[in-house]
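Heads up, the sequence shown is in this note's numbering, so the first residue is 1235 and it goes up one at a time.
Just so you know, even glycine gets a beta-carbon here, dropped at the ideal spot from N, CA and C.
A quick write-up on the structure given underneath.
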Amino acid sequence: MQCLVHLRLMTTYSFHEAPDVNFYEDIAGALNAFPNLSTFELSGMHWGSHERNLDSESQRVWQNPLKSESELSSDVLLDIDPYSDLFFGY
């Protein structure tokens, strides 16, 4: 499994509260066990990554899959149609 490039996990566990920072740090730490892994998906949350060189050693940094509303521009928020089929989960 060391050559795994993409990993997708589905779970029936529902989050009653939004995951906290420890949740993301634990998953990022577990993903570092797969050196060739470049993308990861957990129940629809996409995790991207990039490599960072530290002291002549390459380390993969996993990006936070969620963006806060403050990171989104107001134009993006206005372009969302709340009545579109994509907005509702079936």
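Sixteen is the threshold: since fewer than 16 other Cβ atoms of the shown chains lie within 10 Å of the Cβ of residue 1257, the residue is exposed.
Of all alpha-carbon atoms in 1297, 1290, 1291, the one lying nearest the alpha-carbon of residue 1280 is that of 1297. Here residue 1271 is buried: its Cβ has 16 or more other Cβ atoms, across all protein chains shown, within 10 Å. In the DSSP assignment, residue 1255 falls within the unbroken alpha helix (DSSP H) covering 1255-1265. If you ignore the 5 residues before and after residue 1245, its C-beta comes within less than 8 Å of the C-beta of 1276, 1277, all in its own chain and listed in chain order.
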